[in-house]
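Following full-length UniProt numbering, the numbering of the sequence shown begins with 1 at its first residue and continues without gaps. By construction, the Cβ of each residue, glycine as well, lies at the ideal position given by its N, Cα and C atoms.
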Amino acid sequence: MAIAVKVCGLTRPEDVLAAANAGARYVGFVFFPKSPRHLSLDDARALAGEVPVGIAKVALTVDADDALLDAITEAVPLDMVQLHGHETPDRVAEVRSRYGLPVMKAIGVRDAADLSEIDRYAGVADQLLIDAKPPEGAVLPGGNGLAFDWRLLSGRKYWTVPWMLAGGLTPDNVAEAIRLTGARQVDVSSGVEAAPGRKDAERVAQFVASAESAHSPS
Ligand SMILES: O=C(O)c1ccccc1N[C@@H]1O[C@H](COP(=O)(O)O)[C@@H](O)[C@H]1O
1 MAIAVKVCGL
11 TRPEDVLAAA
21 NAGARYVGFV
31 FFPKSPRHLS
41 LDDARALAGE
51 VPVGIAKVAL
61 TVDADDALLD
71 AITEAVPLDM
81 VQLHGHETPD
91 RVAEVRSRYG
101 LPVMKAIGVR
111 DAADLSEIDR
121 YAGVADQLLI
131 DAKPPEGAVL
141 PGGNGLAFDW
151 RLLSGRKYWT
161 VPWMLAGGLT
171 PDNVAEAIRL
181 TGARQVDVSS
191 GVEAAPGRKD
201 AERVAQFVAS
211 AESAHSPS
């Protein structure tokens with residue numbers, strides 16, 4: 001079974017090359033000034049130009065208003081928008097219709113009570129990103145290298161929309177995460193970095209190889 005990998009938080013052309021060479025199917029660009037992976041519009045446009053055809057370019061935003069999304073979508077050629085804040089289902093629908101791009105909504109999970117959020121967004125988003133809920137008071141709502149208990153997703157693989165697993169994934173644990181959750185798509189940021197905002201090409205290659213070698217229950 002093919003596993004699709006998204007490598008998120010790319011900031012340099014060599015990171016794009018590393019993701020492409022490794023076989024990533026998605027690359028993510030972060031537009032959130034508090035993140036060490038934040039990109040200016042000019043840098044994002046230049047990086048997007050380095051992405052080979054066939055790899056989806058995803059813009060990650062956090063509670064972005066229309067002005068910011070207008071600026072991003074006008075400046076950068078994109079294939080998907082990732083909403084990683086507290087956007088409501090109505091806001092997800094609004095973004096989809098305003099920009100004509102598929103929308104992936106991130107859902108933070110810490111315990112079983114959080115799983116109902118997944119059902120709330122499954123009818124409106126094109127994809128879901130199931131990530132660890134950030135710790136109280138965290139500066140970043142994602143990209144913290146924090147995992148949740150993957151067993152919470154065991155046997156829950158029948159959502160009607162495609163979904164990705166994220167949060168604290170590394171080359172060492174991604175195969176186990178896929179096996180426990182049945183994920184067919186995985187997303188990684190800090191787990192393949194040499195330093196915040198700088199990917200390590202070897203770790204990126206190891207991550208994709210480990211994900212592709214995983215045997216999930218389906
Ligand atoms: O990566 C960031 O800086 C970031 C900032 C704000 C929101 C989300 C962010 N990253 C997303 O979080 C997941 C998990 O990250 P990690 O692998 O645990 O470091 C990542 O894949 C991004 O989609």
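In this structure, how does DSSP classify residue 222 when only helix, strand and coil are distinguished? Since the first and last residues shown for the chain are 1 and 218, residue 222 lies out of range.
Is it buried or exposed, T61, if we count other Cβ atoms within 10 angstroms and call 16 or more buried? Label assigned to T61: buried.
Give the list of continuous alpha helix (DSSP H) stretches no shorter than 4 residues that lie fully inside the region 145 to 217. Qualifying alpha helix (DSSP H) stretches, in chain order: 174 to 181 and 201 to 213.
Using the Cα positions of A48 and L78, report the straight-line distance between them to the nearest angstrom. A48 and L78: Cα-Cα distance of roughly 8 angstroms.
Starting from the Cα of S189, find the closest Cα among Q127, V161 and A132 and give me that residue. It is A132.
Using a C-beta cutoff of 9 angstroms, does S190 count as contacting chain D? The structure shown contains no chain D; it is built from a single protein chain.
In terms of residue numbering, what span does the beta strand (DSSP E) encompassing V81 cover? Its beta strand (DSSP E) spans residues M80 to L83.
Less than 9 angstroms between the beta carbons of A166 and A106, yes or no? In contact: A166 and A106 (Cβ atoms closer than 9 angstroms).
Any chance you could list the beta strand (DSSP E) runs of at least 3 consecutive residues sitting entirely within the region 14 to 95, in chain order? Taken in chain order, the complete beta strand (DSSP E) segments of 3 or more residues contained in the region 14 to 95 are 26 to 31, 56 to 61 and 80 to 83.
For L128, does the three-state DSSP call read helix, strand or coil? For L128, the secondary structure class from DSSP, reduced to helix, strand or coil, is strand.
Alpha carbon to alpha carbon, how far is A2 from A205? Give it in angstroms, no decimals. Rounded to whole angstroms, A205 to A2 spans 16 angstroms at the Cα level.
Check each candidate in D65, S40, F29 and I130 and name the one with the smallest Cα separation from L169. The shortest Cα separation from L169 among D65, S40, F29 and I130 belongs to I130.
According to the Cβ coordinates, are T73 and R37 closer than 9 angstroms? Cβ atoms of T73 and R37: not closer than 9 angstroms.
Measure the C-alpha to C-alpha separation of V5 and D172 and round it to an integer number of angstroms. Note on geometry: alpha-carbon atoms of V5 and D172 lie some 15 angstroms from one another.
Below 8 angstroms on the Cβ atoms is my contact criterion, and I expect L128 with V161 to pass it. Report the Cβ-Cβ distance as a whole number of Å. Confirmed, Cβ separation roughly 6 angstroms.
Cutting at 6 angstroms between CB atoms, please list the residues of its own chain near Y26, excluding the five before and the five after it. Scanning its chain for C-beta atoms nearer than 6 angstroms, with the 5 sequence neighbours on each side dropped, one finds around Y26 the residues K6, A56 and V58, in chain order.
Straight-line gap, A214 to R179 (C-alpha atoms, nearest Å): When rounded, the separation of the alpha-carbon atoms in A214 and R179 is 7 angstroms.
Would you say A201 and D15 are within 9 angstroms of each other, going by their C-beta atoms? Taking 9 angstroms as the Cβ cut-off, A201 and D15 qualify as a contacting pair.
Alpha helix (DSSP H) segment containing A122, residue limits: Start and end: L115 to A122.
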